[in-house]
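Asker: Mind having a look at this structure? Questions to follow.
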Amino acid sequence: MLDEAKLKTLARKVNGIYEGALVAGMIYLGDELGLYRAMHGQGPLRSEEVAARAGLHERFVREWLYTQVASGILDHHSEGLFELSPEAGVVLAEEDDLRCMARLFDGLPQRTALLAELPRSFRTGIGVSWADAERGGTPERVHYMERMLRPWYEQVLVPRLLPLLDGVVARLEAGAKVADVGCGSGVALVAMGKAFPQSTFHGFEIAPLALDRARENTIQAGVSNVSFFNARDGGLPDDGSYDLITTFDCLHDMTRPDTMAKAIHDALSPEGSWLIVDPAGRGSFEENLAHPLAVTGYASSVMGCLQSGMSEQGGAGCGCFGLPEPVMQSLVESAGFTRFRRIDLPHPMNNYYEVRP
Ligand SMILES: C[S@@+](CC[C@H](N)C(=O)[O-])C[C@H]1O[C@@H](n2cnc3c(N)ncnc32)[C@H](O)[C@@H]1O
Numbered sequence: 000m001l002d003e004a005k006l007k008t009l010a011r012k013v014n015g016i017y018e019g020a021l022v023a024g025m026i027y028l029g030d031e032l033g034l035y036r037a038m039h040g041q042g043p044l045r046s047e048e049v050a051a052r053a054g055l056h057e058r059f060v061r062e063w064l065y066t067q068v069a070s071g072i073l074d075h076h077s078e079g080l081f082e083l084s085p086e087a088g089v090v091l092a093e094e095d096d097l098r099c100m101a102r103l104f105d106g107l108p109q110r111t112a113l114l115a116e117l118p119r120s121f122r123t124g125i126g127v128s129w130a131d132a133e134r135g136g137t138p139e140r141v142h143y144m145e146r147m148l149r150p151w152y153e154q155v156l157v158p159r160l161l162p163l164l165d166g167v168v169a170r171l172e173a174g175a176k177v178a179d180v181g182c183g184s185g186v187a188l189v190a191m192g193k194a195f196p197q198s199t200f201h202g203f204e205i206a207p208l209a210l211d212r213a214r215e216n217t218i219q220a221g222v223s224n225v226s227f228f229n230a231r232d233g234g235l236p237d238d239g240s241y242d243l244i245t246t247f248d249c250l251h252d253m254t255r256p257d258t259m260a261k262a263i264h265d266a267l268s269p270e271g272s273w274l275i276v277d278p279a280g281r282g283s284f285e286e287n288l289a290h291p292l293a294v295t296g297y298a299s300s301v302m303g304c305l306q307s308g309m310s311e312q313g314g315a316g317c318g319c320f321g322l323p324e325p326v327m328q329s330l331v332e333s334a335g336f337t338r339f340r341r342i343d344l345p346h347p348m349n350n351y352y353e354v355r356p
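Quick note: the sequence shown uses numbering that gives the first Met the number 0, first residue 0, plus one each step.
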């Protein structure tokens, strides 16, 4: 016997999810076409004015404006006036504000297209790596990741997080050797390279388009102390020569995080530090369900983290929440590290750890 009330509630929920997917597409368009930026700080505008400011066709803009009012993003005043409130402006138009969320929707068409690849991984057990997800030469996914994280690297990593590590800023100021493994498009290294000109920074990455983009970013930023290496051509040297190694949001994506932890141990000097940033998984599925970003974490995992972690035969496949603090501690201790500390800096998704030999 079906519980009709339960069925109705669920149907309403699923319909809301479907609406959300449609609105996500509308937000993507508003961001991509510069519509939010055209409206930001302008007060109430007519559709003709929005279209003129964004250089677009009025009829399409008007329909888009209707969707934005219907979904509660824009305010509507009488006589066809539409307004992006100052609050909506922060969330959707202020690129450099850490609270801006427009970047979440960047590359949505490319990320949605990736769905067509995923049934294969469910059938074969082999996931799509970050490098394979770039296949076809479209750099959007790299740009998406970069846009997602750049403000954090610039506004939190250098001024707030590095000073919380034991003696690291002093070493960087004096001239240290640093590696960022799984460096993506290199934005963290560029931010650190600018802040610490006496130090040398090396990025290791396996995704070729990310490496191309990283080199481009370095040139654009005019920094000469940052260089990049394809980790497939040989990873970190085992000579204990690095003073600081960082892994930002990538250890759980690796097919062999245990092997990587050992390689990092061998590459670090005895007084060196490893800074790990990784999703703050909890001990069990039930505990993860209470995580405010549980849905985002698990869905991103199916589309990205788990894909990457299972992209080779025998891959560890941690998934987004697969390295909670006790598991992380045991992973690094098995690799030979003796000091492990969670750094007290709040983040909606990640934990920060300082790990030392
Ligand atoms: C979620 S992205 C994070 C990228 C970057 N750290 C950032 O914050 O923008 C994970 C990255 O780890 C890289 N990766 C995965 N396994 C790797 C490995 N064994 N060696 C180096 N990079 C790896 C992927 O190619 C991908 O670029």
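Note that CB positions come from ideal geometry on N, CA and C, so glycine has one too.
1) With hydrogens ignored, establish whether the beta-carbon of residue 230 is closer than 7 Å to any heavy atom of ligand 1.
2) So residue 213 and residue 227 are supposed to be a Cβ contact under 8 Å. How far apart are they, rounded?
3) What does the Cβ neighbour count give for residue 16, buried or exposed, with the cut at 16 atoms within 10 Å?
4) Applying the 10 Å Cβ sphere with the 16-neighbour rule, what's the burial state of residue 284?
5) Could I get the ranges of all uninterrupted beta strand (DSSP E) runs contained in the region 197 to 266, with 3 residues as the minimum, in chain order?
6) Is it true that the CB of residue 181 sits closer than 8 Å to the CB of residue 254?
7) Fully enclosed by the region 273 to 303, which alpha helix (DSSP H) runs are 4 residues long or longer?
8) Verify the contact flag: residue 247, CB atom, against every heavy atom of ligand 1, threshold strictly below 7 Å.
9) By how many angstroms is the C-alpha of residue 187 removed from the C-alpha of residue 156?
10) Would you identify the three-state DSSP class for residue 357, choosing helix, strand or coil?
11) What residue does the alpha helix (DSSP H) around residue 80 start on, and which one ends it?
12) Considering only their Cβ atoms, is the gap separating residue 319 from residue 256 smaller than 8 Å?
13) Just list the residues that DSSP pairs residue 349 with in beta bridges.
14) If I follow the unbroken beta strand (DSSP E) through residue 177, where does it start and stop?
15) Need the endpoints of the beta strand (DSSP E) that residue 342 sits in, please.
16) The alpha helix (DSSP H) that contains residue 173, what's its start and end?
17) Using a threshold of 7 Å, is the CB atom of residue 120 nearer than that to any non-hydrogen atom of ligand 1?
18) Counting only runs that start and end within the region 316 to 340, where is the beta strand (DSSP E) found for 3 or more residues in a row?
19) In three-state DSSP terms, what is residue 356?
20) Can you tell me whether residue 316 sits near ligand 1, meaning its C-beta is under 7 Å from at least one heavy atom of the ligand?
21) For residue 117, which beta-bridge partners are listed by DSSP?
Answerer: This is what the structure gives:
1) For ligand 1, at least one heavy atom lies less than 7 Å from the Cβ of residue 230.
2) 5 Å
3) Its Cβ having fewer than 16 others within 10 Å, residue 16 is exposed.
4) exposed
5) 199 to 204, 225 to 229 and 241 to 247
6) no
7) 284 to 288 and 293 to 299
8) yes
9) 8 Å
10) With the chain running from 0 to 356 in the structure shown, residue 357 is simply not present.
11) Run containing residue 80: none in the alpha helix (DSSP H); it sits in the beta strand (DSSP E), 80 to 82.
12) no
13) 278
14) 176 to 180
15) First-last of the beta strand (DSSP E) with residue 342: 338 to 342.
16) 167 to 173
17) no
18) none
19) Correct three-state label for residue 356: coil.
20) no
21) Bridge pairing for residue 117: absent [DSSP].
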